[in-house]
Amino acid sequence: VQTCALPIYLGDRGGALTADLITASLEAVGDPTADVYARLFAQFPDVEERFRRDTTGAIKAEMLTMVFDCLMNPTGPYQANVVRTERVNHESSGAASEIFDRFFWIVRDACRARAGQAWTPATDAAWTAQIERILQASR
């Protein structure tokens, strides 16, 4: 079973504080894959069927790795384009835009729950700002 990997590339350090807060929070929570997908499937039960062929967890891990990379560098040229492209891919395969958008918030919520008291108001603000940037850039 594959797990998500924390991306090494942080790109442009203009958002260093935000990226550092997100990186630190991810290091504190470990691998949230199981929690993220449990939450996704609880909120959108029909989505679970789409993952039946992901017997190794590679698709789930890749999705989370991409989310984390985008969170740590939401204005990078790769991130803006990949999120826009993935939004179109997901919509064309029948995934509602609501589910695509909600996934980012589900990831945040799972990480926040795993971090417990280590999750600070600054960490929450960093995640919220980055998710809002990502989603705005993808529309």
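Numbering-wise, the sequence shown is residues 1465 to 1603 according to our numbering. The beta carbon of each residue, even a glycine, is placed where N, CA and C say it ideally should be.
Proximity of residue i and residue j at Cβ, strictly below 7 Å
i: Leu-1579; j: Val-1493; result: Residue identity check: residue 1579 is Ala in the sequence provided, not Leu. Yes, they are a contact pair.
i: Ile-1595; j: Leu-1504; result: no
i: Ala-1590; j: Ile-1486; result: yes
Where the alpha helix (DSSP H) containing residue i begins and where it ends
i: Val-1511; result: That residue, Val-1511, is in no alpha helix (DSSP H); it is neither H nor E in DSSP.
i: Gln-1600; result: 1585-1601
i: Thr-1520; result: No alpha helix (DSSP H) contains Thr-1520, which DSSP labels as neither H nor E.
i: Ala-1560; result: Here Ala-1560 belongs to no alpha helix (DSSP H), and DSSP marks it neither H nor E.
Separation of residue j from residue i, as counted between CA atoms
i: Ala-1577; j: Ser-1557; result: 30 Å
i: Ala-1488; j: Arg-1517; result: 32 Å
i: Val-1531; j: Val-1500; result: 12 Å
i: Leu-1528; j: Ala-1601; result: 18 Å
i: Val-1547; j: Thr-1587; result: 22 Å
i: Cys-1468; j: Ala-1574; result: The pLDDT assigned to Cys-1468 is 44, lower than 50, so where the model puts this residue is not dependable; a value taken from the coordinates is nonetheless given after this. Between Cys-1468 and Ala-1574, the C-alpha separation is close to 14 Å.
i: Leu-1599; j: Thr-1519; result: 29 Å
i: Glu-1526; j: Arg-1597; result: 21 Å
i: Phe-1568; j: Glu-1512; result: 17 Å
i: Pro-1471; j: Asp-1533; result: Confidence at Pro-1471 is low in this model, with a pLDDT of 38, below 50, so its placement is unreliable and no value can be given for it.
Buried/exposed call for residue i, threshold 16 Cβ in 10 Å
i: Thr-1584; result: exposed
i: Glu-1491; result: exposed
i: Thr-1497; result: buried
i: Asp-1510; result: exposed
i: Asn-1537; result: buried
i: Arg-1572; result: buried
Presumed contact (8 Å Cβ cut-off) between residue i and residue j, rounded CB distance
i: Ile-1563; j: Phe-1508; result: 5 Å
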